[in-house]
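Engineer: For the sequence shown, the numbering used here assigns the number 55 to the initial residue and increments by one for each residue that follows. No residue lacks a Cβ here, since even glycine has one placed at the ideal position from N, Cα and C. Shown below is the structure under consideration.
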Amino acid sequence: MILVTGATGNIGSALLKELHAHGVGPLRGLTRDAARAAFPDGVEAVEGDLAEPASLKPALDGVRSLFLLSRLGPDADILEAARQAGVRHVVLVSSITVRTHPHLGPAGENLAVEQALKASGMDWTVLRPTQFASNALMWAAAISGHETVHAPYADTALPTVHPADIASVARVALTEPGHRGRTYALTGPEPVTARQQVEAIAAALGRRIPFAEISRRQAHARMAAVFGADAADAVLDVTGGDVNDELLMVRDTVSQITGIPARPFRQWAAENVDAFR
Ligand SMILES: NC(=O)c1ccc[n+]([C@@H]2O[C@H](COP(=O)([O-])OP(=O)(O)OC[C@H]3O[C@@H](n4cnc5c(N)ncnc54)[C@H](OP(=O)(O)O)[C@@H]3O)[C@@H](O)[C@H]2O)c1
């Protein structure tokens, strides 16, 4: 049995679809609300809250492989619950910032999860993706409302990764030999700026989207109101304010592991255009 956490989200939903399409099973998807889950036929939807590891007992029952998103709960306790349930292999989604920005709080938390997993006695595979193409969904309300998209660092190009590519790597790591004890940094196939991302969404929509660059200070004020000042600073650093060669680097890990080239941002935009209508 494979348990996929974040099963209704960007990576998890793609992973369940891909495992199912490859005939892998049995499969289970974790969600806090099974009534909302639309999983492929035969995939079991199980409720549980990562913030309450004790609630994961039914979801973990009989599970041997776990796909785990980090930082959605007390990760050390989640890993201990998995170990006690008999899980043998965990594929963990961490972040490339563990390597590129180890001084930032979220990166430190991810490093601690990675270390706890490695010390757990379970087999492990760590995925360290760069920023996701799906982060562009933060512009969905402005674009569908025909408003101007505002973004800082408009011309900083980062090798944004399609969540389905993270899912593809996870599928291989979960089901094929040779990926235990490995850490993979994952990026998209080319650098893309915020301005270019909005242009790709505009091309998919077939209309112009007004775009305006804003200052770090303006962006910080908007973000801090939603998720706090420190988190806003961390996001702004890794999306343009404090980039480094490691963060800018395009890696071929996705194609090496899956045998298929990583998907460009414009593909994500075309596949998700309805979110911006
Ligand atoms: N965005 C980035 O640029 C980036 C970069 C590096 C790493 N990451 C990591 O990637 C992960 C996010 O992946 P994603 O984009 O695929 O997710 P997502 O689309 O944002 O969806 C979040 C998922 O997590 C589930 N979830 C949230 N809180 C939960 C809880 N307390 N208990 C159980 N499930 C919970 C939600 O399920 P329900 O609502 O159905 O319960 C949903 O399926 C995070 O761990 C993040 O740190 C993100």
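Since I believe VAL100 is in contact with LEU81 (beta carbons under 8 angstroms), could you give me their beta-carbon distance rounded to a whole number of angstroms?
Structural biologist: As a first step, residue 81 must be located in the sequence shown, where it is residue number 27. As a first step, residue 100 must be located in the sequence shown, where it is residue number 46. With 8 angstroms as the limit, LEU81 and VAL100 do not qualify as a contact, their Cβ atoms being about 11 angstroms apart.
Engineer: If you check the beta carbons only, do THR179 and VAL145 fall under 8 angstroms apart?
Structural biologist: For the purposes of this step, residue 179 is taken as the residue at position 125 of the sequence shown. For the purposes of this step, residue 145 is taken as the residue at position 91 of the sequence shown. Cβ atoms of THR179 and VAL145: closer than 8 angstroms.
Engineer: Closest to PHE265 by C-alpha separation, out of THR241, LEU120 and PRO206, would be which residue?
Structural biologist: Counting from one through the sequence shown, the residue named residue 265 turns up at place 211. Residue PRO206 is the option with its Cα nearest to PHE265.
Engineer: State buried or exposed for ASN164, treating a residue as buried only when at least 16 other CB atoms are found within 10 Å of its CB.
Structural biologist: Within the sequence shown, numbered from 1, the residue matching residue 164 stands at position 110. ASN164 comes out buried.
Engineer: Pick out the complete alpha helix (DSSP H) segments inside the region 212 to 300, 4 residues or longer, and give them in chain order.
Structural biologist: Fully enclosed alpha helix (DSSP H) runs of 4 or longer: 217 to 229, 248 to 259, 270 to 281 and 283 to 290.
Engineer: Thinking C-alpha only, which one of GLY140, ALA283 and ALA254 is nearest VAL117?
Structural biologist: In the sequence shown, residue 117 corresponds to position 63, counting from 1. Of GLY140, ALA283 and ALA254, the residue nearest in Cα terms is GLY140.
Engineer: Please name the residue, chosen from ALA173, PRO217 and LEU181, that lies closest to SER148 on a Cα-to-Cα basis.
Structural biologist: If you number the sequence shown from 1, residue 148 lands on position 94. For SER148, the nearest C-alpha among the options comes from LEU181.
Engineer: CB-CB under 7 angstroms to ASP129, same chain, minus the five flanking residues each way: which ones, in chain order?
Structural biologist: Within the sequence shown, residue 129 is the residue found at index 75, counting from 1. Closer than 7 angstroms at Cβ, skipping near neighbours: VAL167 and ALA170.
Engineer: If I measure Cβ to Cβ from VAL252 and keep anything under 6 angstroms in the same chain, skipping five residues before and after, which residues do I get?
Structural biologist: For the purposes of this step, residue 252 is taken as the residue at position 198 of the sequence shown. Same-chain partners within the cutoff: VAL203, ILE263 and PHE265.
Engineer: List the residues that DSSP assigns as beta-bridge partners of ASP328.
Structural biologist: In the sequence shown, residue 328 corresponds to position 274, counting from 1. In DSSP, ASP328 forms no bridge with anything.
Engineer: Does the beta-carbon of PHE281 have 16 or more other beta-carbons within 10 angstroms, so that it is buried, or is it exposed?
Structural biologist: The residue labelled residue 281 in the question sits at position 227 within the sequence shown. Under this definition PHE281 is an exposed residue.
Engineer: Taking a contact to mean a Cβ-Cβ separation below 8 angstroms, would you say LEU302 touches PRO245 in this structure?
Structural biologist: Along the sequence shown, read from residue 1 onward, the residue named residue 302 stands at position 248. Along the sequence shown, read from residue 1 onward, the residue named residue 245 stands at position 191. Going by C-beta atoms, LEU302 is nearer than 8 angstroms to PRO245.
Engineer: Grab the span of the alpha helix (DSSP H) containing ALA88 for me, first residue to last.
Structural biologist: Taking the first residue of the sequence shown as 1, we reach residue 88 at position 34. Premise fails: ALA88 is in no alpha helix (DSSP H) and is neither H nor E.
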